[in-house]
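Chains as they are written, first to last, in this note's numbering: chain P, 1 to 334; chain Z, 335 to 556. Everything on this sheet refers to the single structure shown next.
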């Protein structure tokens, strides 16, 4: 609005005016730093404002945290189930139980023959004596087994198919091993691993859907909270608009509030998740020990944790944006 | 500074608040706007502030056709106009200083600059010693002076005052008017809407009289 710009006559208004004249040009560099200052002021001010009503803010934070922690927990659970599946998938070995009557030499010959095949990587022979002593060591039934008059365990060949064997090849190999003259039975525990993988796939879609629903819920929760905040500061918004505050200026503190709700909730969600995992860790460890497994609970990686908190923050921001956009337009000076 | 040409404002209710108004206020003038309530004083102020747009006609402020000002530019446009309200519209959750500083913060001034300008404005209205207090603790007259400091802190060329003495006793009203006159003497164009006939007569300034949406006296400079 050029014609309204300070006329030389009005410039004499106060002593401060002469000093202020250089400022009134407000070069872009100064504007930029004022803009940055307003951003950091808004960020700090809106956080302090939240902390001034601790109970109310804590409730919102908890709601955000729970809505964030729920899909995150399910995701971590899936992560663990999946890794459990991989543990077994890696050992997709076939146990071939040999007929008790089979001769030792015949078994060795067959084993050598099998080792030479391209679709088999290793073959380990476990004699009945070896099997019994292993069983005694790990089953805790040592004393009882001592009383057995004869070894009930058959000799076993542990056949590890080569890595590139697909499901079909494995089935073929399994049938071949079962039908061999020396073999009593051959077992492959792949089927349920495959089913597990399918279930995990299905469940992860479910988690994704749930996460999307909860994200929508979060958007509404934060949006509604911000709407109330906008209502509460109606007078201030009116005055700011009348003295020339842009929409962006008015919006800014509310956007930061939304961001804080999201980030805070995300952090609390991480905390909840860590607490839950810590609570489960001891029982899982003892269970794993029982199964002689190296398995331990997996948590969210650092990157995933950051992503979780950031996503919650962005959802908070988006919720605030929607609410402020809708309600600011209704608050116009009259 | 202000020029209305054939301005009509009709509200959605069908009520015609201003009818074919022509007026001209020159730069540096001090003008009183009078008339019964409902005569169109507030509508005129709102049109100047771009809180409302005319249904018809043309409004020029500072030589600029307001019709050309887009919605997104209204905020910047308002920074060059100071407004004083009857109920002063101070924010009670912050100090006097922060209230006066608001237009400067909004306009992106540097904090050092803000401090200097706010103190200069508070000094002018005689409330420099109250900069830290909350406006709630001030008297009505003092609150209005804070409102005036806020209106002039950005050194606008035009100041609008809507019933600035409406809630004040005659002595305080006179005090407020003296302040306005001082600003006017420094070159600020002032438009003061008021009912207070005694006050107007004593001030000896141009009076723009409105009745039923029409200007019935004082449409052009004396």
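Using N, Cα and C, we set each Cβ at its ideal position, and we do this for glycine too. Note that this is a predicted model, so its numbers are computed, not measured.
What distance in whole Å lies between the Cβ atoms of residue j and residue i, which are believed to be in contact at a cut-off of 8 Å?
i	j	result
residue 359 of chain Z	residue 537 of chain Z	So it is not a contact: roughly 15 Å between Cβ atoms.
residue 322 of chain P	residue 217 of chain P	Not confirmed; about 13 Å, so no contact.
residue 268 of chain P	residue 61 of chain P	6 Å
residue 539 of chain Z	residue 379 of chain Z	Not really, about 17 Å apart at Cβ, beyond 8 Å.
residue 390 of chain Z	residue 342 of chain Z	4 Å
Counting contacts by CB-CB distance shorter than 8 Å, is residue i in contact with chain P?
i	result
residue 582 of chain Z	Because chain Z spans 335 through 556 in this model, residue 582 of chain Z falls outside it and cannot be assessed.
residue 555 of chain Z	no
residue 440 of chain Z	yes
residue 507 of chain Z	no
residue 345 of chain Z	no
residue 422 of chain Z	no
residue 469 of chain Z	no
residue 410 of chain Z	yes
residue 463 of chain Z	no
residue 429 of chain Z	no
State the Cα-Cα distance for the pair residue i and residue j, rounded to the nearest angstrom.
i	j	result
residue 173 of chain P	residue 205 of chain P	34 Å
residue 382 of chain Z	residue 544 of chain Z	16 Å
residue 196 of chain P	residue 39 of chain P	50 Å
residue 254 of chain P	residue 354 of chain Z	42 Å
residue 350 of chain Z	residue 415 of chain Z	26 Å
residue 63 of chain P	residue 265 of chain P	7 Å
residue 385 of chain Z	residue 405 of chain Z	10 Å
residue 109 of chain P	residue 76 of chain P	47 Å
residue 22 of chain P	residue 37 of chain P	With a pLDDT of 41 at residue 22 of chain P, under the threshold of 50, the modelled position of this residue cannot be trusted, and the question is left open.
residue 329 of chain P	residue 249 of chain P	14 Å
residue 277 of chain P	residue 284 of chain P	10 Å
residue 272 of chain P	residue 43 of chain P	26 Å
residue 83 of chain P	residue 203 of chain P	14 Å
residue 24 of chain P	residue 30 of chain P	Interpretation of residue 24 of chain P is limited by its pLDDT of 47, a score under 50 that renders its predicted location unreliable; no figure is taken from the coordinates.
residue 304 of chain P	residue 311 of chain P	10 Å
residue 13 of chain P	residue 506 of chain Z	Since pLDDT at residue 13 of chain P reaches only 36, below the 50 mark, its modelled position is unreliable, and the value read off the structure follows with that caveat. Roughly 24 Å separates the two Cα atoms.
residue 111 of chain P	residue 146 of chain P	30 Å
Residue i CB to nearest chain Z CB: under 8 Å?
i	result
residue 327 of chain P	no
residue 253 of chain P	no
residue 242 of chain P	yes
residue 36 of chain P	no
residue 239 of chain P	yes
residue 30 of chain P	yes
residue 249 of chain P	yes
residue 245 of chain P	yes
residue 231 of chain P	no
residue 283 of chain P	no
residue 337 of chain P	With chain P represented from 1 up to 334, any question about residue 337 of chain P goes unanswered, as that position is not in the structure.
residue 54 of chain P	no
residue 236 of chain P	yes
residue 27 of chain P	no
residue 71 of chain P	no
Would residue i and residue j be called neighbours here (beta carbons separated by less than 8 Å)?
i	j	result
residue 362 of chain Z	residue 523 of chain Z	yes
residue 298 of chain P	residue 74 of chain P	no
residue 242 of chain P	residue 72 of chain P	no
residue 177 of chain P	residue 156 of chain P	no
residue 257 of chain P	residue 274 of chain P	no
residue 263 of chain P	residue 309 of chain P	yes
residue 313 of chain P	residue 259 of chain P	yes
residue 67 of chain P	residue 270 of chain P	no
residue 154 of chain P	residue 184 of chain P	yes
residue 357 of chain Z	residue 494 of chain Z	no
residue 465 of chain Z	residue 430 of chain Z	yes
How would you label residue i, buried or exposed, when you count the other beta carbons within 10 angstroms and need 16 or more for buried?
i	result
residue 198 of chain P	exposed
residue 397 of chain Z	exposed
residue 123 of chain P	buried
residue 459 of chain Z	buried
residue 527 of chain Z	buried
residue 516 of chain Z	exposed
residue 530 of chain Z	buried
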